[in-house]
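For reference, the structure is listed below as structure tokens.
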Amino acid sequence: MNSLTLFLRKFSLLFSRKRFRSELDEEMAFHQEQAEQEFLAAGMTAEAAQYAAMRQFGNATRLKERSHEAVGFRAETVIQDLSFAIRQLRKSPAFAVTAILILALGMGVSVAIFGFVDAALLQPLPYSDPNRLMSVDENSAVFPRSNLSREDYEDWKRLNKSFSSIEVYTGTGYLFRNADGTEPVPAARVSDGFFRTLGVHPMLGRDFASDEDRPGGARIVMLSYGTWLKRFSGRRDVVGKTVSLTGDTYTVVGVLPREFTFGPRGNAEFWAPLLDKSGCEQRRSCHNLDGIARLRDGVTPEAALEEMKAIAAQLEKQYPGSNQGQGASVLPLTELLVGDTRPILLMLLCGAGLLLLIACVNVASLLLVRSESRKREIAVRGALGATRARLTRQFFTEGLLLALVSCAGGLGCAAWLMALLTRLVPKDVAPFLPFLGGVGINTHTAAFAVGVAMLSAALFSLTPILRLSFLEIQAGLAEAGRGSAGRLWRRLGANLVVVELAVAMVLLAGAALLGQSFYRLLHVENGFDTTHLATVQVMAPDSTYSKDPQKLALYREIERRVGSLPGVQSVGLTTTLPVQCNCNTDWIRFVGKPFHGEHNEVNERDVSPGYLATLKARLVRGRVFTEDDDKSKPQVILINETLARKYYPGEDPIGKKIGNGSLEPASIREIVGVIADVREGALDGEAWPAEYQALNQQMDTGFAVAVRTAQDEKTVLPVLVSTLRQIDPNLGVYGEITMTDQIDASQTALLHRFSTWLVGGFAAMAMVLGVVGLYGVVAYSVSQRTREIGVRMALGAQRSSVYRLVLSEAGRLIAMGCVLGLAGAAGAAMLMRKVLFGVNAWDARTLLGVSVVLAACAMLASYFPARRAASVNPTDALRAE
Amino acid sequence: MARKPDLLPGTLDMLILKTLTRAPLHGYGIALSIKRLSDDVLTVEEGSLYPALQRLLLQGWVKAEWKMTETNRRARFYTLTAAGRKQLGLELSEFEQMIAAIGRVLKDAQEV
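Residue numbers (my numbering), protein chains in the order written: chain A, 1032 to 1912; chain B, 2 to 113.
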């Protein structure tokens, strides 16, 4: 008999189940009857014969089941188990709903966070063979990774053998002119092989050809997909058309595909070849490019780094003036793109995992309580011949059903949560986090969800199986299901609750630390008044403002017009606003001090006379700029206290002179004042030395306007923008934002805010689950000990001693949970050090505060069952059994 | 109560098939027949008989049909099929070979 016909016969039997069953019944009834008659014939009484026949026949149900098994599929019993499991859940809807809700929430949160982890850290970058892509840069004592200078890049490209290609990119901005006027747009300049190296092909038109990036080359440009849609209505004939960018005419040669993203220049709308060297690019000492490169086959990143270091050393010897101390850095491109988010994402994943753990433990203890009340059922099923394997499978089926239903709910919850979190990322920031586009329900997240469900199913089936050791079947029957509050259960349930409390404690401590860290971050000393400060960026077209008097006139006009707006107290201009970055630096040298080619790198800001007063920065010594400090006067600068401390320790810097690396006469300027540090870099960054040059002496066409207002600074923003446009419609005016909003939206603050809220949410849920779990355990234990309590009270125990009895038991669990939790929290805090700001990981006050809060809530939760226990009427309690 | 020897594992199918070579029988009849023929030594448990019958039916070695007994009761009678006869032959020869082998071993063991 071949297996196919066998299968077909079995299959056909599936549909004649009913007949099969009734025939079997009839056949067996016949058999039993015959046997009975035989016993009768042997001289038994009718009753004895019937009994003997029945006994001989044995367990009829079991027998039928076995006949069934002989012809049925294994899956069929699985379906039986499943339908039984469903009946079980429907029979106790309160349990089912609670368990499924808790689990769905726990799973949803973990799957959602995993979605982000997966998109950012696990999914490969959307480039061809991304593992071979490296971020190649210079490095120096101050920066582990610093920009390349164009001349260094050209030498690196020529000399290296490790990379099949090495390309650079840098951010820029253009004034884009269209029918509506002029608009500043973010853009990028790249070397010609940039897209080829990434493995990105334009969806329309062509890529840059090699050598198209050389100085003097034709002005060509590629469009981002979004720009093509938004500014060119997605017209396919855009290729070959010209666009006007900052007064120059560029020919569009291609459009990048929709899926192309490049985080570091995520908002770039236009991509142009490098072409002419900017002022900075003409100097080997000026670094403004970032490099990417593709490793040749068989070359390791380490080997490439060694080679680049050797090349850097060679250049250092060749150009000691500019390349002193300039090394090389080779990192996987992934590291550059997502390295910063890794610690935070992993922390969040751990938090979500802990929440899931609590949810699972909570449901497991619920199952434990149920298994206690199902002891009798199990005993009966065992006595009726259910094998150990079959019973185990039944538990597994129930656990699996619970886990899978929750998993479906959890996936829904995760999808919603992922969409919500992605939406919460501000629009300005989102382009720099391109992985956000990959967040969602996909095969990875679904597989993760199923994996989590399987693990929890295992946990859920294991708990009752462990509990109901089958040796106890007879005991279960004998006990007739009366609760003797299985000591084992009490121990297992209590242990589970200790785990829950400990985990809740870890999450609470983590949330508290993050909250404090966030608070410190927002209240960090900035060195200026961040409130009532409105800011806007201005880009003046070089064509109109090529000469210094024109620029000066523009500055003065802006100061006059904006300064006379209602509610505006003062106006200041700067090349870079505070709380941006330690960037736009200058390398300086001190007149009259020994010099050995070291890099004295300081922040450089060119500011108008009114700027520092507008910020309310504090002048420590000397004077601020006046309108007199213009091109006709010797150059003057202000420095911050960090610069004074670092380079003029114990000296009065006023009157001292500094210049550039070679002390060219034109670069020499005199220090006229010292101000208290204004935070230029990120909120959690350290203070850098900074110099403030007079904008009237170092004119620039790109600058920011800062306005100190008397009223709400938000209301000034629209007026500010329209006033600037009135001054000159060709000015690029953009990025209007209040200083407080800008600080709130800074990447540091965002990451902190996100993690604080998320971990805070996890902790709140964890605490509720933990406390409810404790309540459940104590309440159950009280209900099981009603009789005992009744006896005690009948024998004269006071109500207070009953309270003590219950609360001391709860207190022991809480204490154990807290102690374990403290140890866990200390460990977690150590792991979180990287993401904390201004908070000691071992912050005893935080840990103590958290344990007090948790313990108080937990004690409160145990108070209610204790009160119920104490109000037991001894007579009722004794009669109850 | 004296303990009766258990059926040798794997022999139940063969015994059923053999019993059916003489005439179609119902389940009870098969059990009775085996018991009588073995002089009450072998008892077929109902618990094994019916699952075994289902298995044989499924394999196509026996057929079943509902007929009337001499006492005018409806019962399911099992009949040996050609495939069943073949299978019986196969099992018998395997069984004899095994018995012979066991016999040889036992005999050898006694001689030592």
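No residue lacks a Cβ here, since even glycine has one placed at the ideal position from N, Cα and C.
If you're wondering where the values come from, they're calculated on a predicted model, not measured in any experiment.
Asked: Identify the contact partners of B:Y51 in chain A, using a Cβ-Cβ distance below 9 Å as the criterion.; Found: L1055, E1058, M1059, H1062, L1094, K1095, R1097, S1098 and A1101
Asked: Along the chain, where does the beta strand (DSSP E) containing A:F1426 start, and where does it finish?; Found: From DSSP, A:F1426 is part of no beta strand (DSSP E) but of the alpha helix (DSSP H) over R1419 to L1455.
Asked: So with Cβ pairs under 8 Å, would you call B:G85 a contact of chain A?; Found: no
Asked: Within the continuous beta strand (DSSP E) that includes A:N1170, where are the two ends?; Found: L1164 to N1170
Asked: At a cut of 8 Å, does the stretch 1598-1606 of chain A reach the stretch 1758-1766 of chain A through at least three beta carbon pairs?; Found: no
Asked: Hey, A:A1390 and A:L1431: beta-carbon distance below 8 Å or not?; Found: no
Asked: Would you kindly work out how many angstroms separate the C-alpha atoms of B:G48 and A:A1901, rounded to a whole number?; Found: 56 Å
Asked: Over the uninterrupted beta strand (DSSP E) stretch that includes A:A1767, give me the two end residues.; Found: The sequence shown places Glu at residue 1767 of chain A, not Ala. Element bounds for A:E1767: G1763 to T1769.
Asked: With distances taken from CA atoms, which of A:I1820, A:L1782 and A:A1395 is nearest A:I1455?; Found: Reading the sequence as shown, one finds Leu at residue 1455 of chain A and not Ile. It is A:L1782.
Asked: Would you list the one or two residues that DSSP bridges to A:S1601?; Found: A:R1739
Asked: Less than 8 Å between CB atoms is the rule here; does B:E71 satisfy it with respect to chain A?; Found: no
Asked: Where do the N-terminal and C-terminal ends of the beta strand (DSSP E) with A:Y1723 fall, by residue?; Found: A1721 to A1725
Asked: Enumerate in chain order the residues of its own chain whose CB-to-CB distance from A:D1186 is below 8 Å, with the five nearest sequence positions on each side excluded.; Found: I1342 and L1346
Asked: Compare the C-beta of A:Q1119 with all C-beta atoms of chain B and state if any pair is closer than 8 Å.; Found: no
Asked: Quick one, which residues of the stretch 1072-1086 of chain A are near chain B if we go by CB-CB under 9 Å, in chain order?; Found: none
Asked: Quick test of the definition: if touching needs 3 or more C-beta pairs under 8 Å, does the stretch 1123-1136 of chain A touch the stretch 1364-1376 of chain A?; Found: no
Asked: I'd like to know whether the C-beta atoms of A:L1853 and A:S1893 end up nearer to each other than 8 Å.; Found: no
Asked: Which chain A residues are close to B:G28, counting only those with a beta carbon under 7 Å from its beta carbon?; Found: E1058 and H1062
Asked: Using only alpha-carbon positions, find the residue among A:L1055, A:M1075 and A:L1433 that is nearest to A:S1114.; Found: A:L1433
Asked: Would you call the CB atoms of A:V1284 and A:G1236 closer than 8 Å?; Found: yes
Asked: Quick one: Cα of A:L1914 to Cα of A:T1331, how far?; Found: Given that chain A is displayed from residue 1032 to residue 1912, the structure contains no residue 1914 of chain A and the question cannot be resolved.
Asked: Give me, in chain order, the residues of the same chain whose beta-carbon lies closer than 8 Å to that of A:P1161; leave out the 5 immediate sequence neighbours on both sides.; Found: P1155, L1364 and T1365
Asked: Quick one: which chain A residues come within Cβ less than 7 Å of B:R77?; Found: E1054 and E1058
Asked: Which residues in the same chain have their Cβ closer than 7 Å to the Cβ of A:Y1184, if we skip the five residues on either side of it in sequence?; Found: V1199, L1320 and G1322
Asked: Taking the alpha carbon of A:A1445 as the point to measure from, which residue in A:Q1425, A:F1263, A:R1424 and A:V1470 has its own alpha carbon closest?; Found: A:V1470
Asked: Less than 8 Å between CB atoms is the rule here; does A:F1115 satisfy it with respect to chain B?; Found: no
Asked: Mark A:L1497 as exposed unless 16 or more other C-beta atoms lie within 10 angstroms of its C-beta, in which case mark it buried.; Found: exposed
Asked: If the cut is a Cβ gap below 7 Å, which residues of chain A does B:E92 touch?; Found: Near B:E92 there are no residues of chain A at all, since even the closest Cβ is about 14 Å away, more than 7 Å.
Asked: Let me know if A:R1050 comes out buried or exposed under the rule of 16 or more other beta-carbons within 10 Å of its beta-carbon.; Found: exposed
Asked: Quickly, what does DSSP pair A:I1197 with across the bridge? List them, please.; Found: A:A1324
Asked: In whole angstroms, what separates the C-alpha of A:L1399 from that of A:S1492?; Found: 10 Å
Asked: Does the Cβ of A:H1627 have 16 or more other Cβ atoms within 10 Å, making it buried, or fewer, making it exposed?; Found: exposed
Asked: Using a Cβ cut-off of 7 Å, pull out every chain B residue sitting near A:F1088, in sequence order please.; Found: E47
Asked: Looking only at its own chain, which residues have a Cβ that is under 7 Å from the Cβ of A:N1191, when we skip the five neighbours before and after it?; Found: I1197, E1338, M1339 and I1342
Asked: May I ask you to list the residues that DSSP assigns as paired with A:D1617?; Found: A:V1633
Asked: Over what stretch of residues does the alpha helix (DSSP H) that includes A:Q1778 continue unbroken?; Found: Q1778 to Q1815
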